[in-house]
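**Student:** I'd like to ask you about the structure that follows.
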Amino acid sequence: MKTPIAIRSRNNLVNILSLCVGLTFITTWLPLLRALFDGKSYSWGMSYYGISFSGKGLTLDYTILIVFAFLYFLFFYSFNWVKNRLIFYVLIIWWWFHSFGNLLYDIIKNGDTVFHGDTLNIHVSISTIIIPLAIASMLLVVTIIYKDRKLPNTNIPWSRLNNIKALIVLSPLVLQMILFVIGEPHGITDSIAVIITIIQCFVVHLIFKPTKVKSS
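Next comes the structure, spelled out in structure tokens:
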């Protein structure tokens with residue numbers, strides 16, 4: 003199997019983007035894992051440009067979470083590793099419309115939007131903060147695309163360190179499964195699993211960070 007080669011090195015703008023994407027990834031990764039491990043005891047739902055998706059456990063609508071998770075991982079990978087940069091540009095624009103465009107659509111159509119996190123007892127009204135965040139993220143997207151077009155290509159191969167980071171970030175999935183399966187809904191074990199899942203969303207991008215390995 004051919005070793006992937008990074009054609010972009012690390013940079014601060016992409017580091018900021020990684021955190022922003024990690025924040026929005028929560029809305030996909032958390033219900034995906036909970037519906038998978040909790041089964042029918044977990045109800046989830048989302049509105050996507052006026053189309054409602056929901057279910058208890060693994061239903062037909064669950065496939066939309068799988069599709070979104072795949073696109074997120076492809077997006078993380080495209081930061082540094084996709085040679086055809088048009089793919090990265092398309093994905094970063096998709097991410098903005100997927101995250102902020104969808105929320106703006108919902109606000110325009112339905113008014114105030116409230117995020118409910120029952121396990122951690124979080125209820126946040128986001129209509130007053132989503133517009134400046136959407137504008138800031140759009141400026142970030144435009145700036146990253148503009149600067150990326152001018153960056154020289156690098157040649158950094160996928161290293162053993164990337165594999166180690168993947169193991170560290172994804173190995174807690176076993177613990178998350180156990181906690182979600184044995185725990186009571188909204189109980190302490192559920193809360194621990196949710197916190198681990200949220201942390202995962204913010205660090206999953208580290209798997210794809212290229213690292214130059216010093217030759218001995």
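Sequential numbering of the sequence shown, starting at 3, is according to the numbering used here.
The beta-carbon is built from N, C-alpha and C at its ideal position, and this holds for glycine as well.
None of these values were measured; they are calculated from a predicted model.
Out of D150, I109, L153, state which residue places its alpha-carbon closest to the alpha-carbon of A136.
**Tutor:** As a working note, residue 136 is residue 134 in the sequence shown. Comparing Cα-Cα distances from A136 to each of D150, I109, L153, the minimum goes to I109.
**Student:** Using 10 angstroms around the beta-carbon of R151, count the other beta-carbons present and answer buried if the total reaches 16, otherwise exposed.
**Tutor:** Here residue 151 refers to the residue found at position 149 of the sequence shown. R151 should be labelled exposed.
**Student:** Taking 7 Å as the threshold (C-beta atoms), are S101 and L93 in contact?
**Tutor:** Reading the sequence shown from its first residue, position 91 is the one you call residue 93. Reading the sequence shown from its first residue, position 99 is the one you call residue 101. Their beta carbons are not under 7 Å apart, which means L93 does not touch S101 by this criterion.
**Student:** Nearest-angstrom Cα distance between T61 and Y148?
**Tutor:** Locating residue 61 in the sequence shown gives position 59, where the first residue counts as 1. Locating residue 148 in the sequence shown gives position 146, where the first residue counts as 1. Computed Cα separation, rounded: 41 Å.
**Student:** Is the stretch 172 to 183 in contact with the stretch 20 to 34, if contact means three or more CB pairs nearer than 8 Å?
**Tutor:** With the cut-off at 8 Å, the stretch 172 to 183 and the stretch 20 to 34 do not touch.
**Student:** Pull up the DSSP beta-bridge partners for K58, would you.
**Tutor:** By one-based count along the sequence shown, residue 58 stands at place 56. K58 pairs with S45.
**Student:** Are the beta-carbon atoms of F210 and F78 separated by less than 7 Å?
**Tutor:** Residue mapping note: residue 210 aligns to position 208 of the sequence shown, counting from 1. Residue mapping note: residue 78 aligns to position 76 of the sequence shown, counting from 1. It is a contact, given that the beta carbons lie within the stated cut-off.
**Student:** When DSSP labels each residue in this structure, what does P159 get in the three-state scheme?
**Tutor:** Working through the sequence shown from its first residue, we reach residue 159 at position 157. Strand at P159.
**Student:** Once the 5 residues before and after Y51 are set aside, which same chain residues still bring their CB inside 7 Å of it?
**Tutor:** Looking up residue 51 in the sequence shown gives position 49. N104, Y107, listed in sequence order.
**Student:** Please classify V144 as buried or exposed, where buried requires at least 16 other C-beta atoms within 10 Å of its C-beta.
**Tutor:** Taking the sequence shown and counting its residues from 1, the one referred to as residue 144 is at position 142. Exposed, since its Cβ has fewer than 16 Cβ neighbours within 10 Å.
**Student:** Pick from F27, N82, R87: whose alpha carbon is nearest that of V69?
**Tutor:** Here residue 69 refers to the residue found at position 67 when the sequence shown is read from its first residue. Ranking the options by Cα distance to V69, first place goes to F27.
**Student:** Is the stretch 14 to 21 in contact with the stretch 157 to 167, if contact means three or more CB pairs nearer than 8 Å?
**Tutor:** no
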